[in-house]
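Peer 1: The structure under discussion is supplied below as structure tokens; questions concerning it will follow.
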Amino acid sequence: MAVDESRADPVEDKSWISVTINGSKQDYLVEQRLSLADFIRNQVGLKGTHLGCEHGSCGACTVIIDDRAVRSCLMFAVQSDGSSIETVEGLAIDGVLSPLQESFQANHALQCGFCTSGFLMSLVARLREGPIDTESEAREALSGNICRCTGYSGMVAAILEQSNSIQGIKENS
Ligand code: FES
Ligand code: FES
């Protein structure tokens, strides 16, 4: 993602970026050294994207940019210019949880919930690539993120339940 130098203000050390966040397109004036995670949390005000390690290890800050799961602590906000960004706030529609969120809830796949938004966004991106059919595939899909309190069994169950219900819908249609 190239930075558009023509939109930079060297005096202010800021740049204009145009991004679509959860379907809503808007321009923002951002500091050039502002991380994408801090931009999302503090400038856009979407606090569901969490910051854990801030160096790319834990996955708590994961968002989806142009259909790819990305660690927002490792990017500058200016690098997202022109992108479509999805955060955890975009998963529920009109207050109704997405099927994957429902499945997490039903399978007790979270405890404190600090890691949950990152896991959800990683899994949404992964499930768009194809179904997750086995426990080992589910564990692989979870392997890029870290949960420090609840363990992974509930998440594996939630993923497999979700994947099975998608398969069921396809088979019955
Ligand atoms: S806060 Fe970004 S990977 Fe941990
Ligand atoms: S539920 Fe607490 S860190 Fe994962």
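When we follow our numbering, the leftmost residue of the sequence shown carries the number 20, and every step to the right adds one. The C-beta atom is built at its ideal place from N, Cα and C for all residues, glycine as well.
Grouping DSSP H, G and I as helix and E and B as strand, with all else coil, what is F95?
Peer 2: Strand at F95.
Peer 1: Looking at G78 and G163, is the spacing between their C-beta atoms short of 7 Å?
Peer 2: Yes. Within cutoff.
Peer 1: Confirm the yes/no value for this check: CB of Q124, any heavy atom of ligand 2, distance under 6 Å.
Peer 2: No, the beta carbon of Q124 sits no closer than 6 Å to any heavy atom of ligand 2.
Peer 1: Does ligand 2 have even one heavy atom less than 6 Å from the beta-carbon of T81?
Peer 2: Every heavy atom of ligand 2 is 6 Å or more from the Cβ of T81, so no.
Peer 1: What are the start and end residues of the alpha helix (DSSP H) that includes V115?
Peer 2: Counting along the chain, V115 falls outside any alpha helix (DSSP H), and DSSP gives it neither H nor E.
Peer 1: Considering only their Cβ atoms, is the gap separating A56 from S91 smaller than 7 Å?
Peer 2: Against a cut-off of 7 Å, the Cβ pair of A56 and S91 comes out as a contact.
Peer 1: Taking 6 Å as the cut-off, is the beta-carbon of L70 closer than that to any non-hydrogen atom of ligand 1?
Peer 2: Flag set: Cβ of L70 near ligand 1.
Peer 1: How far does the alpha helix (DSSP H) with T135 in it reach, from first residue to last?
Peer 2: Segment 135–148, the alpha helix (DSSP H) holding T135.
Peer 1: So, with DSSP's three-state summary, where would you put S43?
Peer 2: If DSSP states are grouped into helix, strand and coil, S43 belongs with the strands.
Peer 1: Excluding five sequence neighbours on each side, which residues of the same chain lie with their C-beta closer than 7 Å to the C-beta of L129?
Peer 2: Here the set comprises F123, T135, T169.
Peer 1: Checking contacts by CB at 7 Å: is A128 closer than that to chain C?
Peer 2: No chain C is part of this structure, which consists of one protein chain only.
Peer 1: If you measure from each residue's Cβ to the nearest non-hydrogen atom of ligand 2, which ones come out under 7 Å, in chain order?
Peer 2: That query returns the following residues: L129, Q130, C131, G132, F133, C134, T135, C166, R167, C168, T169.
Peer 1: Would you say the beta carbon of R60 comes nearer than 6 Å to a heavy atom of ligand 1?
Peer 2: R60: no, Cβ never under 6 Å from ligand 1.
Peer 1: With a threshold of 8 Å, are at least 3 pairs of Cβ atoms found where one atom belongs to the stretch 115–122 and the other to the stretch 174–184?
Peer 2: Contact holds: three or more Cβ-Cβ distances are below 8 Å.
Peer 1: Identify whether S34 lies in helix, strand or coil by the three-state DSSP scheme.
Peer 2: In this structure, S34 counts as strand in the three-state DSSP scheme.
Peer 1: Is DSSP giving A56 helix, strand or coil here?
Peer 2: In the structure shown, A56 sits in a helix (DSSP, three-state: H, G or I).
Peer 1: Using 7 Å as the threshold, is the C-beta distance between S141 and V38 below it?
Peer 2: No, the Cβ-Cβ distance between S141 and V38 is not below 7 Å.
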